[in-house]
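If you count the sequence shown from 1, you need to add 85 to reach this note's numbering. From the three backbone atoms N, C-alpha and C, an ideal C-beta is built for every residue, glycine too.
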Amino acid sequence: MAMHKGLKLRHIRAFLDTIEVGGVSAAARKQGISQPALSKTLSEMEAMLGGALLERRGRRLTVTPAGEAFRRHAIQALQELEAGAAALSGDGIGDVINVGALPTVAGSIFPGVALDFSRAHPGTRLSISTGPNLYLLDRIRSGALDLMIGRMPAAGDMPGLRFDFLYEEEVILAARAGHPFANSPAPEALRQCDVILPTRGAIIRRIVDDYLGAQGITEPRCPIETVSLATGLGLLEGSDMLWFISRGVVARELASGLLVSLPLGAQFMSGAVGLTMKHEMTERPEVARLTAMMHEAARLREATSG
Numbered sequence: 086m087a088m089h090k091g092l093k094l095r096h097i098r099a100f101l102d103t104i105e106v107g108g109v110s111a112a113a114r115k116q117g118i119s120q121p122a123l124s125k126t127l128s129e130m131e132a133m134l135g136g137a138l139l140e141r142r143g144r145r146l147t148v149t150p151a152g153e154a155f156r157r158h159a160i161q162a163l164q165e166l167e168a169g170a171a172a173l174s175g176d177g178i179g180d181v182i183n184v185g186a187l188p189t190v191a192g193s194i195f196p197g198v199a200l201d202f203s204r205a206h207p208g209t210r211l212s213i214s215t216g217p218n219l220y221l222l223d224r225i226r227s228g229a230l231d232l233m234i235g236r237m238p239a240a241g242d243m244p245g246l247r248f249d250f251l252y253e254e255e256v257i258l259a260a261r262a263g264h265p266f267a268n269s270p271a272p273e274a275l276r277q278c279d280v281i282l283p284t285r286g287a288i289i290r291r292i293v294d295d296y297l298g299a300q301g302i303t304e305p306r307c308p309i310e311t312v313s314l315a316t317g318l319g320l321l322e323g324s325d326m327l328w329f330i331s332r333g334v335v336a337r338e339l340a341s342g343l344l345v346s347l348p349l350g351a352q353f354m355s356g357a358v359g360l361t362m363k364h365e366m367t368e369r370p371e372v373a374r375l376t377a378m379m380h381e382a383a384r385l386r387e388a389t390s391g
């Protein structure tokens with residue numbers, strides 16, 4: 086069956102943005118339109134395609150199997166359109182490297198590398214996407230991303246992919262400066278305070294769950310789950326909540342003294358950070374240069390922290 090003639094680029098962007106940011110309200114803000122307007126666009130798209138692409142389960146918005154199938158093709162189509170527009174624009178940009186950046190590197194090691202790379206290679210553009218790790222992994226498999234930078238995916242998510250190790254990074258328990266339990270043992274603080282956990286799809290969630298189980302804390306007081314820096318920081322600043330998060334996400338806030346880290350006393354609260362890409366992919370020269378710079382930045386990081 087031919088694609089409905091009424092389907093427009095705005096429908097596809099609304100659909101992909103809603104998935105990327107995890108909700109209609111956030112997608113509407115990203116596009117600079119009202120939530121009802123974006124909801125109407127999504128409804129029009131589902132009507133034209135003849136099926137539900139998104140569904141709400143409780144307070145969560147999830148992608149239907151039909152939506153997943155359409156999303157893979159939509160990403161590739163949009164990428165081709167953007168590449169075609171760039172080729173016609175005459176802006177002098179030759180190659181584009183599509184990078185997925187997980188929160189643990191998005192605000193720490195990667196921005197510096199991106200700046201250095203852009204200065205050294207002005208003819209290559211970096212297109213950087215963020216989002217949940219499963220979403221970014223799916224974009225790698227579809228060819229929409231060249232690589233993902235962040236924590237090593239779970240073994241079950243690795244078929245067809247390879248992981249290039251950069252460094253180890255710990256998971257910490259963060260709190261605002263001046264927190265009443267800042268100098269208390271972490272288990273005691275966790276029994277007295279509300280805690281923000283990583284979302285269930287986050288790679289570090291299992292590490293955190295294992296730690297809590299080892300401490301005998303089977304039901305932590307967890308009203309909120311997030312790995313978003315903006316959200317987590319706002320929550321910590323306005324309360325006595327504690328937050329399990331990768332150190333790299335809040336590295337600047339720790340260095341500035343805005344946040345503190347409660348000692349966990351557990352050696353296993355760490356994991357590998359590196360580069361994930363298709364197993365059979367042959368690196369383009371510009372991608373190889375970027376990965377080499379990431380390795381150099383990782384070596385410098387380890388040397389200065391050691």
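ASN183: member of the beta strand (DSSP E) spanning 180 to 186, first to last residue. In this structure, the alpha-carbon of PHE195 lies about 8 Å from that of ALA186. In the structure shown, the three-state DSSP call for GLY298 is helix.
Check the Cα spacing between PRO370 and each of HIS206, GLN120, ALA336: the tightest is with HIS206. Residues MET237, PHE248, ASP249, PHE250, LEU251 of the same chain have their beta carbon placed closer than 7 Å to that of GLY359, with the five preceding and five following residues left out of the count.
By the Cβ test, the stretch 219 to 229 is in contact with the stretch 149 to 165, since at least three Cβ pairs between them sit closer than 8 Å. One Cα belongs to THR303, the other to ALA271, and the distance between them is close to 15 Å. Taking all protein chains in view, the Cβ of PHE329 is crowded by 16 or more other Cβ atoms within 10 Å, so the residue is classified as buried. Below 8 Å, enough C-beta pairs join the stretch 256 to 263 and the stretch 338 to 351 to call them touching: three or more.
Just so you know, the alpha carbons of GLY319 and ARG290 end up roughly 21 Å apart. Per DSSP, reduced to three states, the secondary structure at MET133 is helical. With respect to LYS93, ASP102 sits apart: the two C-beta atoms are not nearer than 8 Å.
The beta carbons of ALA137 and ALA151 sit closer together than 8 Å.
DSSP, reduced to helix, strand and coil, places LEU321 within a helical segment of the structure shown.
Bridge partners of ALA239 according to DSSP: none are assigned. Between the C-alpha atoms of ASN268 and ARG156 there is a straight-line separation of about 48 Å. Scanning the stretch 344 to 391 from its first residue to its last, the whole alpha helix (DSSP H) runs of 4-plus residues come out as 370 to 390. With respect to the C-alpha of GLU322, the residue from VAL293, ILE281, GLY301 having the closest C-alpha is ILE281.
Sequence-distant partners of VAL181 (beyond 5 residues in either direction) whose C-beta falls short of 6 Å from its own C-beta, in its chain, are ARG210, SER212. When C-alpha distances from ALA315 are compared across PRO188, VAL372, LEU146, the shortest belongs to PRO188. Each residue's CA atom was taken as its position, placing MET233 and GLU105 some 15 Å apart.
When the five nearest sequence neighbours on each side are left out, the beta carbons in the same chain lying within less than 7 Å of the beta carbon of HIS96 are those of THR126, GLU129, MET130, in order along the chain.
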